[in-house]
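Chains as they are written, first to last, in the working numbering: chain R, 47 to 159; chain D, 2 to 118. Working notes for the structure below.
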């Protein structure tokens, strides 16, 4: 089965630093997502991306966050100035068309110290 | 806004027995999808089963089946012949039907399932 690939699997950073989380969605997929999960809590939607623009974002996705698909294969999530509360598992997901199966990556655990 | 509620934070089942995990949701939409995801300690999100709201027949996948009650907005997961490998966190999730842009998943808070010998 095809896979969504996320790198790195773990990222440790200092508060106030910028981080970029990387994802390679499945090659023929058109819709891309970032979700996050604070330890012990539910998975929360951050942002969806289609046709090179954000199609929906949650209230969590404030000005500190941005997404980009710079080269047609990678899909990145940038956090400009990390806060302690940004510590979470970040999941990338992609889907080919709206009613098909959503594929999740294995996640990047971000720890902000 | 759509909400998904899982009222059982933890459940326990003996190996080979059957367990049912509950989920209720709230939506004003008439067409949507419901999902159960399994999250083992590795924290990978694994799709267990999916139900289309327009289908009256309950979905089944091997030992996993659902009881979908549209009028009651209830979507429970039944695991038969439980195995040690079924121990995980289980999340119920909702998604609107595709309407030109693929919509997001809304998750419940999860049920941690323990499987005992």
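Beta carbons: idealized from backbone N, C-alpha and C, even for Gly.
Exposed unless 16 or more other CB atoms sit within 10 angstroms - verdict on residue i
i	result
residue 55 (chain D)	exposed
residue 43 (chain D)	exposed
residue 105 (chain R)	exposed
residue 71 (chain R)	buried
residue 75 (chain R)	buried
residue 159 (chain R)	exposed
residue 132 (chain R)	buried
residue 140 (chain R)	buried
residue 60 (chain R)	exposed
residue 41 (chain R)	Nothing in the structure corresponds to residue 41 (chain R), since chain R is present only between 47 and 159.
residue 50 (chain R)	buried
residue 55 (chain R)	exposed
residue 116 (chain D)	buried
Within-7 Å CB hit, residue i to chain D
i	result
residue 129 (chain R)	no
residue 103 (chain R)	no
residue 94 (chain R)	yes
Cβ of residue i within 7 Å of any chain R Cβ
i	result
residue 90 (chain D)	no
Interface partners of residue i on chain R, CB under 9 Å
i	result
residue 135 (chain D)	Residue 135 (chain D) is absent from the structure shown; chain D starts at 2 and stops at 118.
Amino acids of chain D, ordered along the chain, whose beta-carbon sits closer than 9 Å to that of residue i
i	result
residue 89 (chain R)	38, 40, 46, 92, 94, 106, 108, 111
Touch test, the segment 112 to 128 of chain R against the segment 52 to 65 of chain R, Cβ-Cβ under 8 Å, three pairs minimum: yes
Near-chain D residues of the segment 61 to 77 of chain R (beta-carbon distance less than 9 Å), N- to C-terminal order: Shown in chain order are the members of the segment 61 to 77 of chain R whose Cβ falls below 9 Å from a Cβ of chain D: 76, 77.
Any 3 or more C-beta pairs closer than 8 Å across the segment 2 to 21 of chain D and the segment 80 to 91 of chain D: A contact exists between the segment 2 to 21 of chain D and the segment 80 to 91 of chain D.
Contact residues within the segment 113 to 142 of chain R, judged by C-beta distance below 7 Å to chain D: 135, 137, 141
Any 3 or more C-beta pairs closer than 8 Å across the segment 58 to 68 of chain D and the segment 86 to 98 of chain R: Touching, no.
Three CB pairs or more closer than 8 Å across the segment 34 to 41 of chain D and the segment 87 to 94 of chain D: yes
Given 8 Å, three or more beta-carbon pairs between the segment 61 to 77 of chain D and the segment 23 to 33 of chain D: yes
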